[in-house]
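Below you'll find the structure, written out as structure tokens, and then a few comments.
There are 2 protein chains.
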Amino acid sequence: MTVTTPAGFRSAGITVGLKTSGKPDLALVVNDGPAPASAVVFTSNRAQANPILWSRKVAQNGAARAVILNSGGANCFTGDFGYETTRLTAEAVARELASEPQGPVPADVRDDRAERVLVCSTGLIGTGDQSFRDKIVNGVPGLVAALAADDTTAPGAILTTDSVEKTAVHEGDGWTIGAMAKGAGMLAPGLATMLVVITTDAKLDSAALDAALRRATGVSFDRLDSDGCMSTNDQVTLLASGASGVTPDENEFAAALAGVCDSLAAQLQADAEGASHDIDIEVRGAASVDDAVEVARSVARNNLFKAAIFGNDPNWGRVLAAIGTTDAAFDPYAVDVSFNGVRLCHAGAPDRPVEECDLTPRKTHVEIELFAGTFAATVRTNDLTHDYVHENSAYSS
Amino acid sequence: MTVTTPAGFRSAGITVGLKTSGKPDLALVVNDGPAPASAVVFTSNRAQANPILWSRKVAQNGAARAVILNSGGANCFTGDFGYETTRLTAEAVARELASEPQGPVPADVRDDRAERVLVCSTGLIGTGDQSFRDKIVNGVPGLVAALAADDTTAPGAILTTDSVEKTAVHEGDGWTIGAMAKGAGMLAPGLATMLVVITTDAKLDSAALDAALRRATGVSFDRLDSDGCMSTNDQVTLLASGASGVTPDENEFAAALAGVCDSLAAQLQADAEGASHDIDIEVRGAASVDDAVEVARSVARNNLFKAAIFGNDPNWGRVLAAIGTTDAAFDPYAVDVSFNGVRLCHAGAPDRPVEECDLTPRKTHVEIELFAGTFAATVRTNDLTHDYVHENSAYSS
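The listed protein sequences correspond, in order, to chains A and B.
Numbering (the working numbering) for the first sequence: 16 to 412.
Numbering (the working numbering) for the second sequence: 16 to 412.
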């Protein structure tokens, strides 16, 4: 179980024919309370899909009742027709939930209006025609009928080019967190990322959830930069049911949530399209956390560096060429650069022989010591490989 | 002829053993006046090679007497030893020029001090040991002895992974411009680019040359962004001899210089490492030129877009996802996107069928109409290919 591990949630995943592969492509997570609350963060890309435009409004309406997610089409840049598809999807979910003969959700908090239903879509931009709409809207009754408190099918129904399901669970003291995620390409979040649904039975209000969620995503998904390409459909949804009756310490909950997000980010990195190395770029001795992130990201986005790692070449010169393009405070001729624990550059000159460095393991650690302060940050990225090019060119689609 | 097409210049290219291939690797261009003047622009990368650190000082000393260029090693991040190598190189050139029994340069303008000798290096970062120094310094006498006013060997001696020589000539009214360039990777200039030497026999002072050069590079090399990776060794040198005795109209000269730089930028694009498409990203209807360049560059640096072009896939969704990350003034749901003349996206929704678009030609044109103003700019880039990954991973080195 994943998003249904915490009490108070049901989920389902079914196949409605959006994917040519015939795999599951429509998922639903429902919050049955008794004390529903929610928080959502969205992509900071100005080009936003219709489900993002819709869900931004829903997020302002109070606790979300449910989130429906489809793969097999992003419904992005599909015009007014696409927005109407999203609205009709939410409406269908609301209608079906309202018609449930008797749900576990208490009558006094139950709000089955479409304005309480978040929508997420993922897939090809520009996809969202009449057939797409029909398959989703007509699939909703079956989806709601399949809802179960011990469901295991939802995580699979949100995948696109992902090769594995991504889930995480945290057991607190009397409360739990469950989560599922998808994402394998266009992985360079800004304030949010990919499609993620996190549930908890902790009893927390939406403001507390929001603070904890922004804190967690800021140091996890925001520091995952697989290919520098920010998506139009990123959304992270956090739903709390209050079913445990326990209100955890705020810091304890925030730390647990950050741990769950960090685990999902690592799973996303490990499944990035075509990658052969998971690279953690750790910047230390920075004058600020922002500087550390900027420096690390400049390396994470440098194609020459990424291609060198693919070739198991510890090319520290490309690291220095990359960080030299930033505005961060440091002296480029004073930094140290280490690959997998071997210091290859010291004080602006070659140090240990590159032959001492073994880059054959998939897990790769690059450490950059700036000698400019006491702050640090790590950005996760991947190498640039033949398979990445192949999977993202038309040859694979 | 190229840099020696204008009167008042000699050049040479020889082999001193820096390249394992045994190809020519050391070049020299000498300005014999009679009215020498010069202007230089440098990489804006804060990580700068020793020859850049040296040449920045030379550029402040008045008209440069000569520029010596080596391939086979960048002499970047090689510490104080590397800087001393650069100084010794300039000193050797100065000494040999001073000892020429009788040169064509008039005695009253002849300045053979090392402080008048620009140095450029290109190759692997971190390369610049004792052997590197010895080969260059010991090679200078033979290089100076090989100087000729009808030389054709210099352009070949500055190449690294380039497959062809890059040269350009402009014939003015009584004056000429000649130029040579190298560059095939790490092509994302900021204020300058690659190694370029441009000569002219026009009679212009250094201030006029500087103004014309910055104007020309700003709309040519600065808008070439093959792989988003800025080099540590970029330098564009413009030398004027005054040998024609003609002082051209300032605007006419600036336009001619811009044409030469534009031709070289196109040649660099066409020879970019592993590329199979030369992509011109034209942004129109922008609120400012800066906006147009920012929008175009966001597409030029988007790996998913670049991989799609490699696969002949007119993936306009990735264009919109890329431009949505910029701060430029426009409505993402109002733009038009065309590939090779076929409008695939109109007003935030799909327009013509992608099947109408043929991306098999190497030359690719992407037009983005922002409907936000009257300004336009074009950024040149390349696709992301298997060969790019191969050439830049250790497998090829």
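Think of the CB as a built atom: it goes at the ideal place given N, C-alpha and C, for glycine as much as any other residue.
What does Ser-408 (chain B) reach in chain A if we use C-beta pairs closer than 7 Å?
Chain A residues near Ser-408 (chain B): Ala-322, Ala-323, Phe-325, Gly-326 and Asp-328.
Return the CA-CA distance between Asp-188 (chain B) and Glu-267 (chain B), expressed in angstroms with no decimal places.
Taking the straight line from one Cα to the other gives about 10 Å.
Counting only the same chain and skipping the five closest in sequence on each side, list residues whose C-beta sits under 7 Å from that of Gly-37 (chain A).
Thr-30, listed in sequence order.
Consider the Cβ of Asn-65 (chain A): report whether some Cβ of chain B lies at a distance smaller than 8 Å.
No, its Cβ sits nowhere closer than 8 Å to a Cβ of chain B.
Hey, quick one: how far does the beta strand (DSSP E) through Val-18 (chain B) stretch, first residue to last?
No beta strand (DSSP E) holds Val-18 (chain B); DSSP gives it neither H nor E.
At what residues does the alpha helix (DSSP H) containing Gly-300 (chain B) begin and finish?
Premise fails: Gly-300 (chain B) lies in the beta strand (DSSP E), 293–301, not in any alpha helix (DSSP H).
In whole angstroms, what is the alpha-carbon distance linking Phe-236 (chain A) and Asp-277 (chain A)?
So the alpha carbons of these two residues sit roughly 7 Å apart.
Does chain A have any CB closer than 8 Å to the CB of Thr-20 (chain B)?
Not one chain A Cβ lies under 8 Å of Thr-20 (chain B).
Going along the region 38–64 of chain B in order, which residues come within less than 9 Å of chain A, judged by CB to CB distance?
Residues passing the 9 Å Cβ filter: Thr-58, Ser-59, Asn-60, Arg-61, Ala-62 and Gln-63.
Thr-340 (chain B) CB to nearest chain A CB: under 8 Å?
By this cut-off, Thr-340 (chain B) is an interface position.
Is it true that the CB of Thr-393 (chain A) sits closer than 8 Å to the CB of Glu-297 (chain A)?
Yes, these two residues count as a Cβ contact at 8 Å.
Curious, which full-length beta strand (DSSP E) runs of at least 3 residues does the region 67–124 of chain B contain?
For the region 67–124 of chain B, whole beta strand (DSSP E) runs of length 3 or above, ordered along the chain, are 81–85.
Return helix, strand or coil for Val-155 (chain A), following the three-state DSSP convention.
Looking at Val-155 (chain A) - three-state DSSP - the assignment turns out to be helix.
When we look at the beta-carbon of Lys-321 (chain B) and count the other beta-carbons within 10 Å, is it buried (16 or more) or exposed?
Lys-321 (chain B) is buried by the Cβ-count criterion.
I'd like the ranges of any alpha helix (DSSP H) spanning at least 4 consecutive residues and lying wholly in the region 261–343 of chain A.
Correct list: 265–285, 304–315, 318–325 and 331–338.
Give, in chain order, every residue of the region 242–258 of chain A whose Cβ lies closer than 7 Å to some Cβ of chain B.
So the close ones are Asp-242, Gly-243, Cys-244, Met-245, Ser-246 and Thr-247.
Does the separation of the CB atoms of Pro-170 (chain B) and Met-209 (chain B) fall below 8 Å?
For Pro-170 (chain B) and Met-209 (chain B), no; Cβs fall outside 8 Å.
Show which residues of chain A have a CB atom less than 9 Å away from the CB atom of Cys-91 (chain B).
Per Cβ cutoff of 9 Å: Gly-332, Leu-335 and Ala-336.
CB Ala-89 (chain A) to CB Thr-142 (chain A), shorter than 8 Å?
Yes, the Cβ-Cβ distance between Ala-89 (chain A) and Thr-142 (chain A) is below 8 Å.
Would you verify that the beta carbon of His-401 (chain B) is, or is not, closer than 8 Å to some beta carbon of chain A?
It does: the Cβ of His-401 (chain B) has a partner Cβ on chain A nearer than 8 Å.
Looking at the structure shown, is Ala-207 (chain B) part of a helix, part of a strand, or coil, going by DSSP?
The pLDDT assigned to Ala-207 (chain B) is 44, lower than 50, so where the model puts this residue is not dependable, and the model offers no usable value.
Do Asp-225 (chain A) and Ala-343 (chain A) have their beta-carbon atoms positioned less than 8 Å apart in this structure?
For Ala-343 (chain A) and Asp-225 (chain A), no; Cβs fall outside 8 Å.
Going along the region 346–364 of chain B in order, which residues come within less than 8 Å of chain A, judged by CB to CB distance?
If the cut-off is 8 Å between Cβ atoms, the region 346–364 of chain B has Pro-347, Tyr-348, Cys-360, Ala-362, Gly-363 and Ala-364 near chain A.
Can you tell me the Cα-Cα spacing of Pro-347 (chain B) and Ala-270 (chain A), whole angstroms?
Their Cα atoms are separated by approximately 37 Å.
Ends of the alpha helix (DSSP H) at Asn-407 (chain A)?
Start and end: 401–407.
Which of the residues in the region 288–321 of chain B, read from start to end, lie with their CB under 9 Å from any CB of chain A?
The residues in question are Arg-316, Asn-317, Asn-318, Leu-319, Phe-320 and Lys-321.
Please report whether the beta-carbon of Leu-139 (chain B) lies at a distance below 8 Å from any beta-carbon of chain A.
So yes, Leu-139 (chain B) belongs to the interface.
Just to check my reading of the structure: Leu-174 (chain B) and Ser-70 (chain B) have Cβ atoms closer than 8 Å, yes? What is that Cβ distance to the nearest angstrom?
20 Å between Cβ atoms; not a contact.
How about Val-261 (chain A) and Ala-217 (chain A): are their beta carbons less than 8 Å apart?
Yes. Within cutoff.
Just checking Thr-375 (chain A) against the ligand MN - is the residue's beta carbon closer than 7 Å to any of the ligand's heavy atoms?
The ligand MN is not part of this structure, which contains no ligands at all.
Look at the alpha carbon of Arg-377 (chain B) and the alpha carbon of His-292 (chain B), and state the distance between them as a whole number of angstroms.
One C-alpha to the other measures close to 4 Å.
State yes or no: is the beta carbon of Gly-94 (chain A) nearer than 8 Å to at least one beta carbon in chain B?
Yes, Gly-94 (chain A) counts as interfacial toward chain B.
For Val-404 (chain A), would you say it is in contact with chain B, using Cβ-to-Cβ distances shorter than 8 Å as the test?
Yes, contact with chain B.
Leaving out five residues on either side along the sequence, give the residues of the same chain with a beta carbon under 7 Å from the beta carbon of Gly-154 (chain B).
So the list reads Ile-29, Val-31 and Leu-41, once near-sequence residues are dropped.
Considering only the beta carbon of each residue, do Leu-33 (chain B) and Ala-81 (chain B) sit closer than 8 Å?
No, these two residues do not count as a Cβ contact at 8 Å.
Confirm, please, whether the CB-CB distance from Ala-199 (chain B) to Glu-288 (chain B) is below 8 Å.
Yes, the Cβ-Cβ distance between Glu-288 (chain B) and Ala-199 (chain B) is below 8 Å.
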